[in-house]
Amino acid sequence: MTSRIAVLASGGGSNLQAILDYFDQLGDRRAGTVALVASDRPASGALTRARAHGIASVALEDRTKTVGVPLGQALDEHRIDLVVLAGYLRLVPVDVVRRFEERLLNVHPALLPAFGGPGMYGLRVHQAVIDSGVRISGVTVHQVNEEFDRGAIIAQWPVPVLAGDDAQRLAARVLRVEHVLFPRIVNAVAAGRITAARPLMLPSHGDHPTFSLSRDEGCLVADVERLVNG
Ligand code: GRF
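The following block contains the structure:
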């Protein structure tokens, strides 16, 4: 049986779209189905994408608690097994964190534990990376706990910082990798192949994964799939 997945997003939802496209590509081989998309922003592009795909969508309750549905209630109503944060900017309530534990994932556009935490989202992350002078950034997929960006790391993929990068250029290069890595990790977690105890391990020899970025998109996909799917 496939896992019923909820995707939580605050923004445009390009990572949601990447998950939907990858699951379409897998067809019957996919380990999960996106059964719900939830957002703290009623106008979020992610909700529009969900409706376009005939997926249930909900606006979550805001701080005034006068509109929207509480997250825990939405997850119950849609019998969700796995919760995936894809550009979701709010803290997940403690009751949901405790209930889902290892079945609650987030994607972050840098190599945690650096460049994460409260206020570290969007272009701020990439600007901080550039200002720091590090030469490698990347993508982190991690479990979610009560603190921003501090749960156990289950997968990371490096992305080079290149001469002349500004935050926008670096963000675009990192997002390309998010779109390849995150759907494949979500599927592998749904299948039980990747966990915090069994994270994605990068190779210790052979081509360094960052090199696949300087070749074509197919190389990146092949490198990720070789490591995620074995
Ligand atoms: C991505 O960089 C994600 O890692 C970050 O916010 C961005 C979301 O983009 N947390 P989208 O809404 O999936 O297009």
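Just remember that my numbering sits 8 ahead of the position in the sequence shown, which is counted from 1. Quick reminder that beta carbons are idealized off the backbone N, C-alpha and C, glycines included.
Starting from residue i, trace the alpha helix (DSSP H) in both directions and tell me its first and last residue.
i: ASN153; result: Careful: ASN153 lies outside any alpha helix (DSSP H) and carries neither H nor E.
i: ARG12; result: Here ARG12 belongs to no alpha helix (DSSP H); instead the beta strand (DSSP E) covers 11–16.
i: PHE123; result: Looking at the DSSP string, PHE123 is not in any alpha helix (DSSP H), and its letter there is neither H nor E.
i: HIS216; result: Per DSSP, HIS216 belongs to no alpha helix (DSSP H) and is neither H nor E.
i: THR56; result: 53–60
i: PRO191; result: 175–198
i: ASP224; result: Here ASP224 belongs to no alpha helix (DSSP H), and DSSP marks it neither H nor E.
i: ARG87; result: Element bounds for ARG87: n/a, residue is neither H nor E.
i: ILE138; result: 131–140
i: ASP103; result: 102–108
Classify residue i as buried or exposed, calling it buried when 16 or more other Cβ atoms lie within 10 Å of its own Cβ.
i: ILE202; result: buried
i: LEU83; result: buried
i: ARG223; result: exposed
i: HIS216; result: exposed
i: VAL42; result: buried
i: LEU131; result: exposed
i: ASP139; result: exposed
i: HIS134; result: buried
i: LEU93; result: buried
i: HIS213; result: exposed
i: ALA180; result: exposed
i: VAL104; result: buried
i: PRO121; result: exposed
i: PRO191; result: buried
Starting from the C-beta of residue i, find all residues in its chain whose C-beta is less than 6 Å away, skip the five residues before and the five after it, and write them out in chain order.
i: ALA54; result: ALA17, GLY21, LEU24, VAL45, SER47
i: PRO50; result: ALA67
i: ARG158; result: none
i: GLU154; result: VAL102, VAL105
i: TYR96; result: LEU16, ALA17, SER18
Between which two residues does the beta strand (DSSP E) carrying residue i extend?
i: ILE162; result: 161–168
i: ALA64; result: 64–67
i: HIS116; result: 112–116
i: VAL91; result: 90–93
Give me, in chain order, the residues of the same chain whose beta-carbon lies closer than 7 Å to that of residue i; leave out the 5 immediate sequence neighbours on both sides.
i: ALA199; result: ALA39
i: VAL137; result: ALA118, PHE123, SER145, VAL169, LEU178
i: GLU110; result: GLN151, THR203, ALA204
i: ALA160; result: HIS150, GLN151, ALA204
CB of residue i to nearest heavy atom of the ligand ADP: below 7 Å?
i: ASP173; result: Among the ligands present in this structure, namely the ligand GRF, the ligand ADP is not found.
Looking only at its own chain, which residues have a Cβ that is under 8 Å from the Cβ of residue i, when we skip the five neighbours before and after it?
i: VAL185; result: GLY146, VAL147, TRP165, VAL167, LEU221, LEU228
i: PHE156; result: LEU99, GLY124, GLY125, PRO126, MET128
i: ILE144; result: LEU119, PRO166, VAL167, PRO168, VAL169, THR218
i: LEU34; result: ASN195
i: ILE162; result: LEU113, VAL149, HIS150, GLN151, ILE193, VAL197, ILE202, THR203, ALA204, PRO207, LEU208
i: ALA64; result: ALA43, LEU44, VAL45, ALA58, HIS86
i: ALA230; result: SER220
i: THR10; result: ARG38, ALA39, GLY40, THR41, ALA198
i: ARG234; result: none
With 8 Å set as the bound, which would you pick, yes or no: does the beta-carbon of residue i sit closer than that to a beta-carbon of chain D?
i: GLN135; result: Among the chains in the structure shown there is no chain D, since it carries only a single protein chain.
Item to check | Length-filtered (4 minimum) alpha helix (DSSP H) runs lying within the segment 22–51 | outcome: As summarised for the segment 22–51, the continuous alpha helix (DSSP H) elements at least 4 residues long and confined to that stretch are 22–34, given in chain order.
Item to check | Cβ contact check for the segment 71–79 and the segment 109–124: 3 or more pairs under 8 Å | outcome: Note that the segment 71–79 does not touch the segment 109–124; fewer than 3 beta-carbon pairs, one per stretch, sit closer than 8 Å.
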